[in-house]
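Enquirer: Take a look at the following structure, please.
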Amino acid sequence: MRWSPTEEQDELRRVVRRFLEEKSPATEVRRLMETPEGYEPGVWKQLSQELGLPGVHIPESYGGQGLGFVELGIVLEEMGRALLCAPYFASLALAANAILNAGSEDERRALLPGIAAGETLATLAIAEPNGRWDAGGVALEARRDGSGWRLHGEKSFVVDGVTADLIVVAARVPGSTGRDGLGLYHLRGDASGLARRPLVALDPTRKLARLTFTGARAESLGEVGAAAPALEKTLDQAAALLANEMVGGAQKLLEMTVEYAKTRVQFGRPIGSFQAIKHKCADMLMALELARSSAYYAVACADEAHDELPAVASLAKAQGSDAYLEIAAESIQIHGGLGFTWEQDVHLYFKRAKASEVLLGDPTYHRELLAQRLEI
Amino acid sequence: MGDRMDAESVRREVRAWLETNWNPDQSLVEWRNKLADSGWGCPTWPVEWLGRGLSVSLADVVAEEFERAGAVGTPGGGGMTLAAPTILEHGSDDLKRRLLRPIVTGEDTWCQLFSEPGSGSDLAGLTTRAELSPDGDEYIVNGQKLWSTSAHHARYGMLLARTNWDVPKHRGITYFALEMHQPGVVAKPLKQMNGHASFNEVFLNDARVPVANAIGEVGNGWTVALATLAHERRSFDALRAAARSTRGQGRAYDEQRAEVAEIMAPYTWYPQRAGRADLIVERAKATGRSRDPVVRQEIAKLLSLARATEWTARRAKAARVLGRPPGPEGSLGKLYASDIARACSRVHTLISGSDSLLSGADGPLDGIIAEILVSVPAVSIAGGTDEIQRNIVSERVLGLPKDPQTDAERAFRDVPRNKR
């Protein structure tokens, strides 16, 4: 296992950071978060065609760059830092991984090249109004109809669900329960029998949708009835990747806050010279570096298909969530009254931190998973 | 000259030397005098001062050969790890001639006389005074020192004392090699809250130290002290290595085992001080507490903290090996250790429940759990408090401004200090 990035990985980070500093400044984030689609098609086209980012970890045989989860983690970390408004996490961390994990060779060849090229926006619909992120929480039914399937039920908290061209759906055969009878299915976003409603999200920089299926036709992805392992692996990978995205946002917040503490003067001195403030900053750094270590270790485990991935993914998700939220809350505190204003950017990160804490399962849920996975 | 040798020629040479000279049926002092004469005991020291002038990586080769041959090395403890490197760096040739060899042979042990009741975190605010005697040959020392390991049997103390009160605090300190066995020096064990007495208080009443025993210039003691402190972090690792002593038969082995036992005696509670995370899961299962969802949450938090700390250390090490500039991850280990120890203490209590009320033979794990609970508070104080550590991290890593200082630029005599 590598504990330090390669020169190529450092270079990838530099390129993505430079691109996003130019294309996703706070003014753009604020503009896009108010739009219904929540992303800028021109920027998406550039990051697809010029940088090939949607294909970063997709194998070359499916039109991608063939790099790994570590590289995908670097891209997501930088996107988290810039609070990029784009359907990248949904397309790559969720949908592409589900297809890679569950799909047959033919299905991968059919579905992945469009995603890798950035031409197909995809997402994965897992949770339902019950808010569960595990296989057992899936209630939506897939009923056989001739050679295909029809979906009945409701999905919620679907990331970028309204703009997605391709939707991968977790569903079960009627009458099954728990991890049995699960399947993954895919259909076009504009399929008939599918109604999509944008949800009002606490974090306006990441769009969420509710999807209502009333007999929408769908095709199966992989083996029907045995998708639980592929779905769980996808969730683990997504948790590891989200942990990396969170590190990017937390790092940016710490930088903004330390800078503010150096320049804001009260009682005749910079507030950063007061121990009450500087010790808070040291604590933020401690939380950040732990979150970084576990996030990086988790994507390295994903690359090596390491046995530890399930445990480490849950560890990284829980620790990253706690760290990001603590850092966001303390950043507001150190910014004082200004930190509570709409004009200051800290609240944008705070909302992303709060949303990321809950997305894919909150820290308490993941710590229980960790305990189970460590056989405690 | 040693630096130019390659690893294989060093290996051949030390191996041949050990074959001729090492056998366990000699006294420890006799053997270690051979180490001093040959330079193989302290291969990184200069050739003229009992060493061979080898690089650290070549010294590793020497250590491997000693281990292969089962040969006893130089002693553990503060003499080798703290005093000797300080003397080599700052001491006069006279001091090197007199003091180094008995450190290498283990005949002289050393203790540190740095901290005082009135100066803990602010070490440079020490008030032990050393005044020149009327004849000008020696200094007369008065004051009190604290947290001195081994002071009750050490031959010498590394003493910091104030020789000038009319200059700012960092500039009036002198570093001495103080003879401990004299009427003006009284060491008393200091009992800690966990019942152990690993350290001593040392009372200095008209203790005498020759002018020639100043290590470094008079008034330059702070710089010399920083050299000692820089070695301190490594010293406990060296101690632990020494404690993994050989199990062989023979006089030299027997004497070394006795020496290690004496040096290590104060540290039996150190694993408990760190919290004993290794016991958590096994205890939770054995007590059935692992089925409680609250306990499971706390265990998961603790293990996450411990594992991520380990990964952070691996990242820091990897960056070092690659010669990259050190990132922030390298400065946080001590603070993480405090957090881990405190979390362990909390979770052990949660697991043991009412049994946490009991200690000694009545306590869980024959008193080990109780010893954890009453030893953990030391971690965040010893070797620099967490608060000082956070100042260092926020100033040096994050670049935040220093606290305004009120004592650095005026004569120490005018600086407010603790009442005696």
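For the record, the sequence lines run as chains A and B.
Under this note's numbering, the first residue of the first sequence carries the number 123, and numbering increases by one thereafter.
Under this note's numbering, the first residue of the second sequence carries the number 2, and numbering increases by one thereafter.
Ideal placement from N, C-alpha and C gives every residue a C-beta, glycine not left out.
Note that the structure is predicted; figures quoted are calculated from it, not measured.
Taking only runs of the beta strand (DSSP E) that begin and end inside the stretch 138-187 of chain B, which ones reach a length of at least 3 residues, in chain order?
Expert: As far as the stretch 138-187 of chain B is concerned, its whole beta strand (DSSP E) runs of at least 3 residues are 139-149, 157-163, 174-180.
Enquirer: T75 (chain B) and R33 (chain B) look like a contact to me (Cβ under 8 Å); what is the Cβ gap, rounded to whole Å?
Expert: Counting from one through the second sequence, the residue named residue 75 (chain B) turns up at place 74. Counting from one through the second sequence, the residue named residue 33 (chain B) turns up at place 32. Yes, T75 (chain B) and R33 (chain B) are in contact; Cβ-Cβ is about 7 Å, under 8 Å.
Enquirer: Please decide whether A320 (chain B) counts as near chain A, where near means a Cβ-Cβ distance under 8 Å.
Expert: Looking up residue 320 (chain B) in the second sequence gives position 319. Closer than 8 Å: yes.
Enquirer: When the Cα of R474 (chain A) is compared with those of A:G195, A:A338, A:L173, A:A445, which residue comes out closest?
Expert: Numbered from its first residue, the first sequence carries residue 474 (chain A) at position 352. Checking every option, the nearest Cα to that of R474 (chain A) belongs to A:A445.
Enquirer: Measure how close the beta-carbons of G251 (chain B) and P25 (chain B) come, nearest whole angstrom, since I'm counting them as under 8 Å.
Expert: Residue 251 (chain B) sits at position 250 when you count from the first residue of the second sequence. Residue 25 (chain B) sits at position 24 when you count from the first residue of the second sequence. Yes, G251 (chain B) and P25 (chain B) are in contact; Cβ-Cβ is about 3 Å, under 8 Å.
Enquirer: Output the distance between the C-alpha atoms of D340 (chain B) and A379 (chain B), rounded to the nearest integer angstrom.
Expert: For the purposes of this step, residue 340 (chain B) is taken as residue 339 along the second sequence, with counting starting at 1. For the purposes of this step, residue 379 (chain B) is taken as residue 378 along the second sequence, with counting starting at 1. The alpha-carbon atoms of D340 (chain B) and A379 (chain B) are separated by roughly 12 Å.
Enquirer: Under 7 Å, CB to CB, which of the residues in the stretch 431-443 of chain A have a partner in chain D?
Expert: Protein chains in the displayed structure are A and B, and chain D is not among them.
Enquirer: Less than 8 Å between CB atoms is the rule here; does P326 (chain B) satisfy it with respect to chain A?
Expert: Numbered from 1 along the second sequence, position 325 holds the residue referred to as residue 326 (chain B). Not closer than 8 Å to any Cβ of chain A, the Cβ of P326 (chain B) fails to qualify, so no.
Enquirer: What would DSSP say about V369 (chain A), mapped onto helix, strand or coil?
Expert: Counted from its first residue, the first sequence places residue 369 (chain A) at position 247. When DSSP states are grouped into helix, strand and coil, V369 (chain A) belongs to the helix group.
Enquirer: Can you list, in chain order, the residues of the stretch 400-419 of chain A whose Cβ is nearer than 7 Å to any Cβ on chain B?
Expert: K400, H401, C403, A404, L407, M408, E411, L412, S415, S416, Y419
Enquirer: Mind listing the chain B neighbours of E490 (chain A)? Cutoff is C-beta to C-beta under 8 Å, in chain order.
Expert: On the first sequence, position 368 is the one that residue 490 (chain A) refers to. Those are P294, R297, Q298, A301, listed as they occur along chain B.
Enquirer: In chain B, which residues lie less than 8 Å from V380 (chain A) when you measure between Cβ atoms?
Expert: The sequence position of residue 380 (chain A) within the first sequence is 258, counting from 1. Chain B residues near V380 (chain A): L399, G400, L401.
Enquirer: Kindly say whether L375 (chain A), judged by its beta-carbon, lies nearer than 8 Å to any beta-carbon of chain B.
Expert: Translated into positions along the first sequence, residue 375 (chain A) becomes position 253. Using a Cβ-Cβ cut-off of 8 Å, L375 (chain A) does not count as an interface residue toward chain B, since no Cβ of chain B sits closer than that to its own.
Enquirer: Name the chain A residues that come within less than 7 Å of T407 (chain B), Cβ to Cβ?
Expert: For the purposes of this step, residue 407 (chain B) is identified with residue 406 of the second sequence, where counting begins at 1. Correct list: empty, because the minimum Cβ distance to chain A is about 13 Å.
Enquirer: Quick check: the stretch 267-280 of chain B against the stretch 123-134 of chain B, are there 3 or more CB pairs under 8 Å?
Expert: no
Enquirer: Check each residue of the stretch 381-397 of chain A: if its Cβ is closer than 9 Å to any Cβ of chain B, include it; give the result in chain order.
Expert: A383, K384, R391, P392, G394, S395, F396, Q397
Enquirer: Using a Cβ cut-off of 8 Å (strictly closer), state whether P344 (chain B) contacts chain A.
Expert: Sequence index remark: in the second sequence, residue 344 (chain B) carries index 343 (1-based). Note that residue 344 (chain B) corresponds to Ala in the displayed sequence, not to Pro. Chain A, which has no Cβ nearer than 8 Å to the Cβ of A344 (chain B), makes this no.
Enquirer: For N223 (chain A), which of helix, strand or coil comes out of DSSP?
Expert: Mapped onto the first sequence, residue 223 (chain A) falls at position 101. Helix at N223 (chain A).
Enquirer: Comparing alpha-carbon positions, which option in A:R301, A:R135, A:G344 lies nearest I221 (chain A)?
Expert: Sequence index remark: in the first sequence, residue 221 (chain A) carries index 99 (1-based). Per the Cα distances, A:G344.
Enquirer: For F413 (chain B), I'd like the list of residues in its chain whose CB is within less than 6 Å of its CB, leaving aside the five on either flank, ordered along the chain.
Expert: Numbered from 1 along the second sequence, position 412 holds the residue referred to as residue 413 (chain B). Excluding sequence neighbours, F413 (chain B) sits near W166, K170, G173.
Enquirer: Looking only at its chain, what residues have a beta carbon closer than 8 Å to the beta carbon of G461 (chain A), apart from the 5 residues adjacent to it on each side?
Expert: As a position in the first sequence, residue 461 (chain A) is number 339, starting the count at 1. Around G461 (chain A): S453, I454, Q455, V468, H469.
Enquirer: In angstroms with no decimal places, state the Cα-to-Cα distance between Q131 (chain A) and A427 (chain A).
Expert: What you label residue 131 (chain A) is simply residue 9 of the first sequence in a count that begins at 1. What you label residue 427 (chain A) is simply residue 305 of the first sequence in a count that begins at 1. Linking Q131 (chain A) to A427 (chain A) through their CA atoms gives a straight-line distance of about 20 Å.
Enquirer: Measure the Cβ-Cβ separation of T245 (chain A) and G305 (chain A) and say whether it is below 8 Å.
Expert: Residue numbering aside, residue 245 (chain A) sits at position 123 when the first sequence is read from its first letter. Residue numbering aside, residue 305 (chain A) sits at position 183 when the first sequence is read from its first letter. No; because the gap between Cβ atoms is not below 8 Å, this pair is not in contact.
Enquirer: Is the shortest distance between the beta-carbon of I498 (chain A) and the beta-carbons of chain B less than 8 Å?
Expert: By 1-based counting over the first sequence, the position of residue 498 (chain A) is 376. Chain B, which has a Cβ nearer than 8 Å to the Cβ of I498 (chain A), makes this yes.
Enquirer: Taking all protein chains shown into account, do 16 or more other C-beta atoms lie within 10 angstroms of the C-beta of M81 (chain B), making it buried, or fewer, making it exposed?
Expert: Taking the first residue of the second sequence as 1, we reach residue 81 (chain B) at position 80. Classification for M81 (chain B): buried.
Enquirer: Taking the alpha-carbon positions, what's the P127 (chain A) to V138 (chain A) distance?
Expert: Start at 1 with the first residue of the first sequence, and residue 127 (chain A) comes out as number 5. Start at 1 with the first residue of the first sequence, and residue 138 (chain A) comes out as number 16. Their backbone Cα atoms lie some 15 Å apart in a straight line.
Enquirer: Could you tell me which whole beta strand (DSSP E) segments of length 3 or greater appear in the stretch 323-371 of chain A?
Expert: 330-347
Enquirer: Which of helix, strand or coil does DSSP assign to D4 (chain B)?
Expert: By one-based count along the second sequence, residue 4 (chain B) stands at place 3. Unreliable placement is indicated for D4 (chain B), whose pLDDT of 46 sits below 50; the coordinate value is still reported in the next sentence. Three-state DSSP puts D4 (chain B) in a helix.
Enquirer: T486 (chain A) to V295 (chain B), Cα distance in whole Å?
Expert: One-based indexing of the first sequence puts residue 486 (chain A) at position 364. One-based indexing of the second sequence puts residue 295 (chain B) at position 294. Spanning the two alpha carbons is a distance of roughly 10 Å.
Enquirer: Can you check which of these residues, B:K189, B:L205, B:V168, B:S39, is closest to L161 (chain B) by C-alpha distance?
Expert: Here residue 161 (chain B) refers to the residue found at position 160 when the second sequence is read from its first residue. If we check each option's Cα against that of L161 (chain B), B:L205 comes out closest.
Enquirer: Measuring only the C-alpha atoms, how far is T229 (chain B) from E9 (chain B)?
Expert: The residue labelled residue 229 (chain B) in the question sits at position 228 within the second sequence. The residue labelled residue 9 (chain B) in the question sits at position 8 within the second sequence. Whole-angstrom Cα-Cα distance: 33 Å.
Enquirer: Could you spell out where the beta strand (DSSP E) holding D267 (chain A) opens and where it closes?
Expert: Start at 1 with the first residue of the first sequence, and residue 267 (chain A) comes out as number 145. Where D267 (chain A) is concerned, the enclosing beta strand (DSSP E) stretches over 263-267.
Enquirer: Pull up the distance between the alpha-carbon of L401 (chain B) and that of L375 (chain A), whole angstroms please.
Expert: Residue numbering aside, residue 401 (chain B) sits at position 400 when the second sequence is read from its first letter. Residue numbering aside, residue 375 (chain A) sits at position 253 when the first sequence is read from its first letter. Answer to the nearest angstrom: the Cα atoms are 15 Å apart.
Enquirer: Taking all protein chains shown into account, decide if D499 (chain A) is buried (16 or more other Cβ within 10 angstroms of its Cβ) or exposed.
Expert: Nothing about residue 499 (chain A) can be reported from this structure: the residues present for chain A run from 123 to 498 only.
Enquirer: For the beta strand (DSSP E) that contains I399 (chain A), what are its first and last residues?
Expert: The count along the first sequence starts at 1 and reaches residue 399 (chain A) at position 277. Element bounds for I399 (chain A): not the beta strand (DSSP E) but the alpha helix (DSSP H), 397-425.
Enquirer: Please list the terminal residues of the continuous beta strand (DSSP E) segment that includes P211 (chain B).
Expert: As a position in the second sequence, residue 211 (chain B) is number 210, starting the count at 1. Segment 200-211, the beta strand (DSSP E) holding P211 (chain B).
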